[in-house]
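Residue numbers (full-length UniProt numbering): 1 to 971.
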């Protein structure tokens, strides 16, 4: 694409169309941009539009499009084409920093993200001057530019907070510190001085305080991995200033907004984080500063109001106390009973209260409330921080703390009992306190796994929780009901089974409540109970115990999806999936009605997929319906196809990228259930599955390979007779997959099915070419994974066509090649093969080479006979060799960045492991003994003499064992 006005105009028009809500206009425009993004100069055109367009909206749109383009394409993946040309890469890196620093803030943020994505791949090796270019801008004195640099540095360095230690990471951080730490410290001091100079200028202060917040975030990232020498030497400067900022109160920066945190709160929150980091990781060096930080943060907590805008500050301040009280070093600070009482009274209890802001979220913003409360999202809440502080204090002072809180819990419950209608928030706080006191350790899978001995959970359940669950009006006091449901879910591993069974029908009834939080918690709670395991790893709650409530459960779950606000509720869909999985055959009578509801839902969400988890559980539920029903009666598969195919066709025609891999998995499941030949509806689709465009998306590859394997398993003869012209297309797919290190194993899956299932005559003409392609790949890049797959393939070929055919095809490509493969690949590498079926295929194949290939007995290949036998005995008896050479670092395909729909495996569409040899060989060791016996009777004396001269004693001993087990002898 040329850099000219015409192309700029076209690009602008298409960008404009991507903003139009109507999918008929938007989708084609997005497709067009996708189709041209591989052209040279495309990113440069985008940056030109972003810089020169007069329309602000188009500039922002270009910036977002550019960032997403970089996200998808910048990383260079081995074996895949480089999607951005080298001249474009160089031009982007040369211009982007300057462009970012001179753009308005909205665009600056997008470009800053793009720089950090590029930096993640290229910095420091391929972009050595990035940091120096940024640091020189600190001298500019223009805080719009300085903040741009700080924001970019923050997005570049924040990954240091969660990267694993490695030499590479440490040398990068060292380079950053050498270039950045001194200028950052100077900038910190200068900015603080400017705050004094401009103490009365509110606009200047706003800019300066946002700089100080960014500087504090950078301090956190640069100090996270280890305490750098530079910061240790300059601790006085940083800590004294941090302490002063914590205690500073500037009236000009106080905001009237009760919701949104102001600059002062954001800065102080980050400083609390920085202090907590030092208190936790560098307590010895931080010791001299700790008492003044504890005092300052304590004062902060006691004087800060209950408004939402202070939430982050309060939760970070409490987290600081929590991290300090857990350290043996600082235990003495908290030992006094008065200190503990004061913390409980002034910090913990007030921050456990259910505020009107929480009530609003509960009613009007259920989704965010659930994410915060159930999933413990990053939005730290006061309650969670207070809870962590209780846990921290219990580490050394469990008795006194439990004692203090028991008093509070009792007085709260007494208050509630006086007037439940008015005082219900007291009971809410009491339940929360009990939960945080009792919870010592918890996991996602089991809920609370370790509880405080001093709290009687069952008694509290009977006296205070059941009452709410049993209340006849399920819609009254929704917050307390949600608390009660959550209590059951949290302590499910602590409560006895009879109490859980008592709760089940009550939870089923709560699926009908109007409150989104309440019915979501009920669904989630049931789903968790259904996964619990009892004796013999069976589910704790059995289908028989669920029988009285099955119909009600299924009805209420599906009705809950119709409640406004829950039409794509992932917790409900997951509960549907889990109910199907638990109830198994018990759902069969309901499936005809339910499948209609599930397909209708699928049709609706496929128009605009926005909830990946919901969609995943929806497909899982479909798979379970199919599996369970067809297990009882295989003939019902047709009615599922009737219900699903119209929706599937629509999804494939509209290319709904998120759903295509799922559709292929469900189709594989359906096709694998068929017992007779392949239905014509599938054959009509077959040519479309070979289209190269489908194979471009990595997420499509595993399910498409499986679907083609199902086609071959059910309809190889049909393909050979009615679609023989498609065989080259099928082999073309194999050729594409085999060329990629990431997907070569998928290519082998397909090839193995072709060899195993297709009638031999239909592929005779292609066989030699297949082997040549494999050898070319072996020569160009031989990896352990490829060699393992190659070994399984040649042995499967040998099992299918015989050892002579294998030897002839090798020697037909190049004389003596068969010997080279045996000597250089089979003998040294077969120990690496993993998997029961794979090992069995190799064992049977090698047995055939040893005993059914005349060339192994009387040509120059004979010298390989004993080493090959020894390798086979090794495969039977030695542990698997799982070592991988140092130079083989595979990029996990799921790691590739961007919008590629990663493949999500459906657990309930799982494929049974297929054994191509099956019952024909139960024990390969016995087969070896019988085959050697047969060979020795054909040429008496030869086999024992070859064994006695060159097979090591240990291997010979194992072989004697196989011969005895097979009751045969060698002659």
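Beta carbons are placed, not taken as given, at the ideal position from N, Cα and C, and that holds for glycine.
- Given residue 789, which residues of its chain have a CB within under 7 Å of its CB, disregarding the five upstream and five downstream residues? 744, 745, 748
- How is residue 762 classed by DSSP in three states: helix, strand or coil? helix
- Buried/exposed call for residue 326, threshold 16 Cβ in 10 Å: buried
- Task: Check residue 155 in the structure and name its three-state DSSP category.
- Result: helix
- Item | DSSP state of residue 586 mapped onto helix, strand, coil | helix
- Item | Burial state of residue 600, where buried means 16 or more other Cβ atoms lie within 10 Å | exposed
- Query: From residue 611 to residue 617, what does the alpha carbon distance come to, in whole angstroms?
  - Reply: 10 Å
- Item | residue 243, enclosing alpha helix (DSSP H) - first and last residue | 235-247
- Item | Endpoints, the alpha helix (DSSP H) within which residue 216 is located | 202-224
- Task: Please confirm if the segment 616-636 is in contact with the segment 865-876, defined as three or more CB-CB distances below 8 Å between the two stretches.
- Result: no
- residue 698, DSSP secondary structure in three states: helix
- Per DSSP, residue 575 is paired with what? Paired residues: none, contrary to the question.
- Message: What does the alpha-carbon distance come out to for the pair residue 884 and residue 535?
- Response: 40 Å
- Excluding sequence positions up to five away, which residues of its chain have a Cβ less than 6 Å from the Cβ of residue 513? 474, 475, 519
- Message: Please report the straight-line C-alpha distance between residue 124 and residue 9, rounded to a whole angstrom.
- Response: 36 Å
- Query: Within this structure, are the beta carbons of residue 877 and residue 958 separated by less than 9 Å?
  - Reply: yes
- Message: Using DSSP's beta-bridge definition, name the partner residues of residue 451.
- Response: 439
- Helix, strand or coil: which one does DSSP assign to residue 533? strand
- Message: As a quick exercise: from 966, 288, 315, pick the residue whose alpha carbon is nearest that of residue 329.
- Response: 288
- Query: Taking all protein chains shown into account, do 16 or more other C-beta atoms lie within 10 angstroms of the C-beta of residue 577, making it buried, or fewer, making it exposed?
  - Reply: buried
- Query: Straight-line CA distance for residue 403 to residue 569?
  - Reply: 41 Å
- residue 31 versus residue 637: straight-line alpha-carbon distance, rounded: 36 Å
- Would you mind reading off the limits of the alpha helix (DSSP H) that contains residue 132? 130-136
- Exposed or buried, what is residue 346 when buried is set at 16 or more other beta-carbons lying within 10 Å of its beta-carbon? exposed
- Message: At 4 residues or longer, what runs of the alpha helix (DSSP H) sit wholly inside the segment 21-90?
- Response: 23-36, 42-52, 56-73
- Per-residue DSSP class, three states only, for residue 893: The predicted position of residue 893 is uncertain, since its pLDDT is 31 and thus under 50; no value can be drawn from it.
- Report all residues from its chain with a CB closer than 7 Å to the CB of residue 895; omit the five preceding and five following residues, and keep chain order. Any reading at residue 895 must be qualified, since the residue scores a pLDDT of 32, below 50, and its modelled position is unreliable; no value is offered.
- Just mark residue 924 as buried or exposed, buried being the case when its beta carbon has 16 or more other beta carbons within 10 Å. buried
- Answer yes if the segment 484-493 comes into contact with the segment 419-439, meaning at least three C-beta pairs across the two stretches below 8 Å, and no otherwise. yes
- Contact check, residue 33 vs residue 12, beta carbons under 9 Å: no
- Message: Are the CB atoms of residue 687 and residue 729 within a distance shorter than 9 Å?
- Response: yes
- Message: Here's the rule I'm using: 16 or more other beta-carbon atoms within 10 Å means buried, otherwise exposed. How should residue 955 be labelled?
- Response: buried
- residue 161 classed as buried or exposed, judged by whether at least 16 other C-beta atoms fall within 10 angstroms: exposed
- Helix, strand or coil for residue 539 per DSSP? strand
- Message: Alpha carbons only, please: which of 61, 192, 661, 59 is nearest the one belonging to residue 909?
- Response: 661
- Item | Beta-carbon contacts of residue 51 that lie in its chain and below 7 Å, excluding the five residues immediately before and after | 99
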